[in-house]
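Numbers given in the working numbering equal positions in the sequence shown, counted from 1, plus 72. To start, the structure under review is shown below, and the notes come after it.
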Amino acid sequence: MRQGEGCSRSGRRWRRAAALLSPALFATLTGACGKGALDAHSSDAMRIAQLWWVVFSIAGLLFIIIMGILAYALFHRRGPRASTFEREPAKATAFVLIAGGLIPLLILIGVFAYSLQVTRANTAPLREPLRVTVVAHDWWWEFKYPDLGLRTVNSIHIPAGRPVEFTLTADEVIHSFWVAQLNGKSDAIPGINNRLTITAADPGTYRGVCAEFCGVGHLCMQFDLVVDEPTNFSAWVTQVKAIPYQQPTQADEQYMLNVCVNKNLVPVCTPSGCPDPLPPVAGITPTIPQFQPAPGSPGNDNGRP
Numbered sequence: 073m074r075q076g077e078g079c080s081r082s083g084r085r086w087r088r089a090a091a092l093l094s095p096a097l098f099a100t101l102t103g104a105c106g107k108g109a110l111d112a113h114s115s116d117a118m119r120i121a122q123l124w125w126v127v128f129s130i131a132g133l134l135f136i137i138i139m140g141i142l143a144y145a146l147f148h149r150r151g152p153r154a155s156t157f158e159r160e161p162a163k164a165t166a167f168v169l170i171a172g173g174l175i176p177l178l179i180l181i182g183v184f185a186y187s188l189q190v191t192r193a194n195t196a197p198l199r200e201p202l203r204v205t206v207v208a209h210d211w212w213w214e215f216k217y218p219d220l221g222l223r224t225v226n227s228i229h230i231p232a233g234r235p236v237e238f239t240l241t242a243d244e245v246i247h248s249f250w251v252a253q254l255n256g257k258s259d260a261i262p263g264i265n266n267r268l269t270i271t272a273a274d275p276g277t278y279r280g281v282c283a284e285f286c287g288v289g290h291l292c293m294q295f296d297l298v299v300d301e302p303t304n305f306s307a308w309v310t311q312v313k314a315i316p317y318q319q320p321t322q323a324d325e326q327y328m329l330n331v332c333v334n335k336n337l338v339p340v341c342t343p344s345g346c347p348d349p350l351p352p353v354a355g356i357t358p359t360i361p362q363f364q365p366a367p368g369s370p371g372n373d374n375g376r377p
C-alpha cells in the first residue's frame, strides 16, 4: 500500500461516528482518510488540517446552538404573560446586537488571525531548501532541479525531512499545483513565479493534481510526488543523471492527450459522437509518462485523485 492510501485508526473512528450522526457529515469527513487533504504528511499540511478542524468545530457548535434556538421557537408555547423581550425592548436590542453582531464578529476575527498565522508559517523562508521549478504545460508537468541539473516529466522525487521550495509557473494557461497531503494549492500562472514550500515527513508516493480547470486535458494533469529516504533520493539522482532528458514535442503532447482519451481520462465527445483514437506516434513512447485512470474509470480502485 502506498503512503497516504491507508486510514489511521483515529480517522476510521471519525468516519464511523460521522456516518451515524449524519450522511452529509460522513461525506465531509471522508477526506480525513485515504488521500484527502486532512490526511496530512507534512508540517505544512498539518497546520492546514488543524485550521480546518478548528473552523469545522466552531461551525458545528454554532449550528447546534442555532438549531436549538429554532426548535425552541417552533415548539415553545406562548404563555399568557408577555415575554421578557416584549416587556424590555432594550434587552431584545442588546441580544440581537451581541448574539447577531458582536459574537460572530469576534469569531471571524479569531479565525482570520489564525488563518494568517498558518499562512505565515507555511510561507516562512527555508534554510538550504532543495529548489524545484515547476512548469505547467498543456497538459503535463515539467519539473526542473536547477541545483542538480535534472528534469523530469509528470513525476517528482524529494528527500524526506528536507525543505523543498517550488517555483511555479506555466507556459500557456493558468494551472493549479496541489499535493493535498503535503500542502495547499498554488496557481501556476504564465509570466509569474509563485512560491510553495513542502517539508514532507513520511516517505511514500503522493498524488498531485491540477486543481483548476485548464482545458480538455485537465484530468491529464496528474503527477506522482515521491518522498524518498535521503539515501534513496541520492541514488535516484544518480540514476536520472545517467538518462538524457528529452523535451516533449508537440507530437509528444498530442500523444499524451491521446493516451488520456483512450484511458477515459478526458471526455472529448460531442453530440455527434466520439472521435476515433489517433494512431500512436512512432518513436516517442519512451518520453510518455504513465497516466493513471481517472476516478470511476476501469482500473482505478483508489477513489479521488
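Cβ atoms here follow ideal geometry from the backbone N, Cα and C, with glycine treated the same way.
Check, Outcome
"Sequence ranges, beta strand (DSSP E) only - wholly within the stretch 261 to 301, length at least 3", "266 to 270, 276 to 282, 294 to 300"
"Other residues of its chain near E72: CB distance less than 8 Å, five sequence neighbours each side excluded", "In the structure as shown, the chain begins at 73 and stops at 377. Residue 72 is therefore absent and cannot be evaluated."
"Whole-Å CB distance - A166 paired with Q253, under 8 Å assumed", "About 47 Å separates the two Cβ atoms, so there is no contact after all."
"According to DSSP, residues forming a beta bridge with E237", "R203, T269"
"Distance, F135 Cα to G276 Cα", "38 Å"
"Element boundaries [beta strand (DSSP E), containing P227]", "According to the sequence displayed, residue 227 carries Ser and not Pro. First-last of the beta strand (DSSP E) with S227: 227 to 231."
"8 Å contact criterion, which I230 and V312 should meet: CB distance rounded", "Incorrect: roughly 13 Å between the Cβ atoms, too far for contact."
"The stretch 193 to 205 contacting the stretch 265 to 280, beta-carbon criterion three pairs below 8 Å", "yes"
"Residues sharing a beta bridge with R223, DSSP", "K216"
"Supposed contact pair S115 and A273 - C-beta distance, whole angstroms, cut 8 Å", "7 Å"
"A145 versus T156 - alpha carbon distance", "14 Å"
"Local conformation of W59 per DSSP, three classes", "For the chain, the structure presents residues 73 to 377; residue 59 sits outside this window and is missing."
"Outcome for L93 when other beta-carbon atoms lying within 10 angstroms are tallied against a minimum of 16", "Confidence in L93 is poor, its pLDDT being 46 and thus under 50, which makes the residue's placement too unreliable to answer from."
"Cβ-based burial, L329 [other Cβ within 10 Å; buried from 16]", "buried"
"Separation of R234 from W125, as counted between CA atoms", "27 Å"
"Own chain, CB closer than 7 Å to W308, minus 5 neighbours either side, in chain order", "H229, D300"
"Residue burial classification, Q189 (beta-carbon count within 10 angstroms, cutoff 16)", "exposed"
"Nearest candidate by alpha-carbon position, reference T191, set A121, R199, C286", "A121"
"As assigned by DSSP and simplified to three states, the class of W211", "coil"
"Supposed contact pair P201 and V236 - C-beta distance, whole angstroms, cut 8 Å", "6 Å"
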